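Some notes on the structure that comes next.
Protein chains: 2
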Amino acid sequence: MTDDTCRDTARISLAHGNGGRLMREIIEEIFAFHLGQQELDTAADAVRLPLDTGSDEWMITTDGFTVEPLEFPGGDVGSLAVHGTVNDLAVSGAVPRFLSLNVFIEEGLDIAILGRIVASMARACADCGVRVLAGDTKVVRRGQGGGLYLATTGIGRRRPGVDLGLHRVRPGDRVIVSGPVGDHGAAVLLAREQFGLSGNLRSDAGSVLPIADILLGFPGLRFMRDPTRGGVATVSHEIARAVGATVRLIERDVPVRPEVRSVCEILGYDPYYLACEGRVVAVVDAAAATDALAALHRGGFPEASIAGTIEAGAPRVVLKTSLGGERILPELEDDPLPRIC
Amino acid sequence: MTDDTCRDTARISLAHGNGGRLMREIIEEIFAFHLGQQELDTAADAVRLPLDTGSDEWMITTDGFTVEPLEFPGGDVGSLAVHGTVNDLAVSGAVPRFLSLNVFIEEGLDIAILGRIVASMARACADCGVRVLAGDTKVVRRGQGGGLYLATTGIGRRRPGVDLGLHRVRPGDRVIVSGPVGDHGAAVLLAREQFGLSGNLRSDAGSVLPIADILLGFPGLRFMRDPTRGGVATVSHEIARAVGATVRLIERDVPVRPEVRSVCEILGYDPYYLACEGRVVAVVDAAAATDALAALHRGGFPEASIAGTIEAGAPRVVLKTSLGGERILPELEDDPLPRIC
Numbered sequence: 011m012t013d014d015t016c017r018d019t020a021r022i023s024l025a026h027g028n029g030g031r032l033m034r035e036i037i038e039e040i041f042a043f044h045l046g047q048q049e050l051d052t053a054a055d056a057v058r059l060p061l062d063t064g065s066d067e068w069m070i071t072t073d074g075f076t077v078e079p080l081e082f083p084g085g086d087v088g089s090l091a092v093h094g095t096v097n098d099l100a101v102s103g104a105v106p107r108f109l110s111l112n113v114f115i116e117e118g119l120d121i122a123i124l125g126r127i128v129a130s131m132a133r134a135c136a137d138c139g140v141r142v143l144a145g146d147t148k149v150v151r152r153g154q155g156g157g158l159y160l161a162t163t164g165i166g167r168r169r170p171g172v173d174l175g176l177h178r179v180r181p182g183d184r185v186i187v188s189g190p191v192g193d194h195g196a197a198v199l200l201a202r203e204q205f206g207l208s209g210n211l212r213s214d215a216g217s218v219l220p221i222a223d224i225l226l227g228f229p230g231l232r233f234m235r236d237p238t239r240g241g242v243a244t245v246s247h248e249i250a251r252a253v254g255a256t257v258r259l260i261e262r263d264v265p266v267r268p269e270v271r272s273v274c275e276i277l278g279y280d281p282y283y284l285a286c287e288g289r290v291v292a293v294v295d296a297a298a299a300t301d302a303l304a305a306l307h308r309g310g311f312p313e314a315s316i317a318g319t320i321e322a323g324a325p326r327v328v329l330k331t332s333l334g335g336e337r338i339l340p341e342l343e344d345d346p347l348p349r350i351c
Numbered sequence: 011m012t013d014d015t016c017r018d019t020a021r022i023s024l025a026h027g028n029g030g031r032l033m034r035e036i037i038e039e040i041f042a043f044h045l046g047q048q049e050l051d052t053a054a055d056a057v058r059l060p061l062d063t064g065s066d067e068w069m070i071t072t073d074g075f076t077v078e079p080l081e082f083p084g085g086d087v088g089s090l091a092v093h094g095t096v097n098d099l100a101v102s103g104a105v106p107r108f109l110s111l112n113v114f115i116e117e118g119l120d121i122a123i124l125g126r127i128v129a130s131m132a133r134a135c136a137d138c139g140v141r142v143l144a145g146d147t148k149v150v151r152r153g154q155g156g157g158l159y160l161a162t163t164g165i166g167r168r169r170p171g172v173d174l175g176l177h178r179v180r181p182g183d184r185v186i187v188s189g190p191v192g193d194h195g196a197a198v199l200l201a202r203e204q205f206g207l208s209g210n211l212r213s214d215a216g217s218v219l220p221i222a223d224i225l226l227g228f229p230g231l232r233f234m235r236d237p238t239r240g241g242v243a244t245v246s247h248e249i250a251r252a253v254g255a256t257v258r259l260i261e262r263d264v265p266v267r268p269e270v271r272s273v274c275e276i277l278g279y280d281p282y283y284l285a286c287e288g289r290v291v292a293v294v295d296a297a298a299a300t301d302a303l304a305a306l307h308r309g310g311f312p313e314a315s316i317a318g319t320i321e322a323g324a325p326r327v328v329l330k331t332s333l334g335g336e337r338i339l340p341e342l343e344d345d346p347l348p349r350i351c
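Chains as they are written, first to last, in the working numbering: chain E, 11 to 351; chain Y, 11 to 351.
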């Protein structure tokens, strides 16, 4: 660990898991430091699986899932564990094919809930065309598990000729958001009884394969990511940092449902940091942006929007507000919303 | 869930994780029931990864790791998470190549401990010739995590011409154990401060690749498994059930260290049910057994032993005791030793 990082704490805090600075540091300074080699790309959603199989290219990704409550309007930890990993392959330009599944079950979990969640997982697998090839279960002591933690590893076939990545992003490119942001985060917040709120909001949890299919038709597509932990703001920070440029989001062009805005106002969250589980943030060449957007609108994503631009400038994320002002969207430090994806 | 199973409980108990009957039932009745298809072989250590890559055959396996304490004499949860998955590929006749890694960290974990465990994992990867290609970390709330849970998925290349499996086991075959059993389980028990015991016992946690390399030289090799959860007795039950035969173990031929025997006597455990993390139980043709054993002895495994036989008869596991009597080794029901692998 270097002198200027992580010295504020010698213990893991919830903020180490929020997708922001502390998490990035611990990944770089512990995991990548010890396990790092060419293939461990900590900034990628999925990486090449170097099987030496000739023309085929296979990709691999992995993700862990902890959400409280385990079931929420629009999904559950099981469908999330399938869609999350499928989506990481989809935004990397791969066609998801296989999953492995790890299950950590807390002693005392209602077996009926486990059954519902696994059934939901099976439906999600069928929807996405993936199969679980290998699995393992562990039972942990009561009070040491949060009900159910899942981890999935996904393997998919890279579509030929696709070259996506932050290395392709340039100032002048446009940022497209495929639909309203923060639905998942807000729905999970509402589903927590302790807030005493109720609403009709549903998580957007789902497969982004149809979105990726549309966008991959445009050679001007540079990069896609599903804005899960840390939301659109955090993906924007990854772009800004990797490209060395400013990401400017336009408040009125980032779709946010009124219900999500209300929940955020009441509970003090910022929708740009709330997780989505079925949306894509894409960066496209300015010349392709309008056509790509029209294709999304025609393809069943009427709320997709060109939400911002990549601009030459310091690596930061700026929100142009509806009132014409500017607001810096800082990198996450404290935890705004633990345990929602 | 059928009428005659699992009705004794509607909630998950620790026994659902011990490798015995309840765990088998929940895997069959929930996971395989919903997610099952040809490829989900719940009885295999690793399965074929159907990549359509022509002559190459790739295999995949996955495993979760929870151990208390996180560090113990001879290993830690990190080395365990590498060796456990590497070993599942090794006993399936594959050469391990790649891992994915999921990390669930409990809020409050000492970052120095995390660093040591990840460094240990990196050493184990280097020893076994595997690389971590993809990883993910999640932080869970204090009191919901047991310190650190890990899950690894492993991909390896199947050695050409190898055909191993329970389908090849026949009455008359011999059971070889590669070394003393129960060291891991006993060492972890001792490492738990609450027992107030101390000893020089070290876990056997390590790679079984060298053992597999030797045994794979014998065409009479039928089947290999690393006896982790539930120990040698539980592997014997899997064999007995799948083959429809009796597994007869000979007490004086199953190597158990005196220290392990003492720990078991004091704490009331049976060494045949304690986990090993660096041993192999192999079934070989009777004609090949003596040569295979000699090769193990020459190859650096002087304590390997022909520990029993497969016999025509009811599917059960019998221990012929040193006094000449017989003792049934039942399938695990209650949890003899949670959280050690």
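Cβ coordinates follow ideal geometry from the N, Cα and C atoms, glycine included.
From a predicted model like this one, the values you see are computed outputs, not experimental measurements.
Cut-off 7 Å between Cβ atoms - residues of its own chain near residue i, not counting five sequence neighbours on either side
i, result
"LEU59/Y", "TRP68, MET69, ILE70, ILE165"
"ALA324/Y", "THR256"
"ALA197/E", "PHE82, PRO83, GLY84, LEU211, ARG212, SER213"
"ARG258/E", "GLY318, THR319, GLU321, VAL328, LYS330"
8 Å Cβ cutoff, residue i in contact with chain E
i, result
"LEU356/Y", "With chain Y running from 11 to 351 in the structure shown, residue 356/Y is simply not present."
"PHE41/Y", "yes"
"ALA132/Y", "yes"
"VAL57/Y", "yes"
"GLY166/Y", "no"
"GLU117/Y", "yes"
"TYR279/Y", "no"
"THR76/Y", "yes"
Cross-chain neighbours of residue i in chain E, by beta carbon under 8 Å
i, result
"THR72/Y", "SER110, LEU111, ASN112, ALA144, GLY145, ASP146, THR163"
"GLY156/Y", "VAL150, ARG151, GLN154, GLY155"
"LEU90/Y", "Per Cβ cutoff of 8 Å: no residues; LEU90/Y is ~12 Å from chain E at best."
Cross-chain neighbours of residue i in chain E, by beta carbon under 7 Å
i, result
"VAL149/Y", "ILE22, LEU24, HIS26, GLY27"
"ASP223/Y", "Per Cβ cutoff of 7 Å: no residues; ASP223/Y is ~22 Å from chain E at best."
Per DSSP, the bridge partner or partners of residue i
i, result
"SER112/Y", "Rather than Ser, the amino acid found at residue 112/Y in this sequence is Asn. Answer is ASP146/Y, ALA161/Y, bridged to ASN112/Y."
"ARG167/E", "TRP68/E, VAL105/E"
"ALA255/Y", "ALA322/Y"
"GLY85/Y", "PHE82/Y"
"ASP120/E", "ARG21/Y"
"GLY230/Y", "For GLY230/Y, which the question treats as bridged, DSSP gives no partner whatsoever."
"SER332/E", "In DSSP, SER332/E forms no bridge with anything."
"ILE338/E", "VAL328/E"
"LEU59/Y", "TRP68/Y"
"VAL187/Y", "VAL291/Y, SER315/Y"
"PHE75/E", "LEU160/E"
"ARG141/Y", "PHE108/Y"
"ARG235/E", "VAL291/E"
Chain Y contact residues for residue i, given Cβ-Cβ distances below 8 Å
i, result
"CYS135/E", "LEU45"
"ALA129/E", "HIS44"
Proximal residues of chain Y, C-beta to C-beta of residue i below 7 Å
i, result
"ASP86/E", "Simply none; closest approach about 13 Å."
"MET234/E", "Going along chain Y, no residue has its Cβ under 7 Å from MET234/E, so there is no contact; the nearest lies around 17 Å."
"ASP283/E", "In the sequence under discussion, the amino acid at residue 283/E is Tyr, which differs from the Asp named in the question. Those do not exist, as TYR283/E stays about 16 Å from chain Y at its closest Cβ, beyond 7 Å."
"LEU219/E", "Neighbours of LEU219/E on chain Y: none; closest Cβ ~19 Å, over 7 Å."
Minimum Cβ-Cβ distance from residue i to chain Y less than 8 Å
i, result
"GLY175/E", "no"
"GLY139/E", "no"
"ALA250/E", "no"
"LEU200/E", "no"
"LEU124/E", "yes"
"ILE186/E", "no"
"LEU80/E", "no"
"ILE37/E", "yes"
Cut-off 6 Å between Cβ atoms - residues of its own chain near residue i, not counting five sequence neighbours on either side
i, result
"ASP146/E", "ASN112"
"GLY335/E", "none"
"ALA292/Y", "ILE186, LEU225, MET234"
"GLN48/Y", "With a pLDDT of 47 at GLN48/Y, under the threshold of 50, the modelled position of that residue is not reliable, and no figure is offered here."
"CYS274/Y", "PRO281"
Interface residues of chain Y facing residue i [CB-CB closer than 9 Å]
i, result
"THR244/E", "Those within 9 Å of THR244/E in chain Y number zero; the least Cβ separation is about 15 Å."
"ASP183/E", "Near ASP183/E there are no residues of chain Y at all, since even the closest Cβ is about 27 Å away, more than 9 Å."
Contacts of residue i in chain E (Cβ-Cβ under 9 Å)
i, result
"ASP120/Y", "ALA20, ARG21, ILE22"
"LEU259/Y", "Within chain E, no residue comes near LEU259/Y; the closest Cβ sits about 26 Å away, beyond 9 Å."
Query raised in the report: Hey, which unbroken runs of the alpha helix (DSSP H) at 4 residues or more fall wholly within the stretch 260-294 of chain Y?
Result: 268-277
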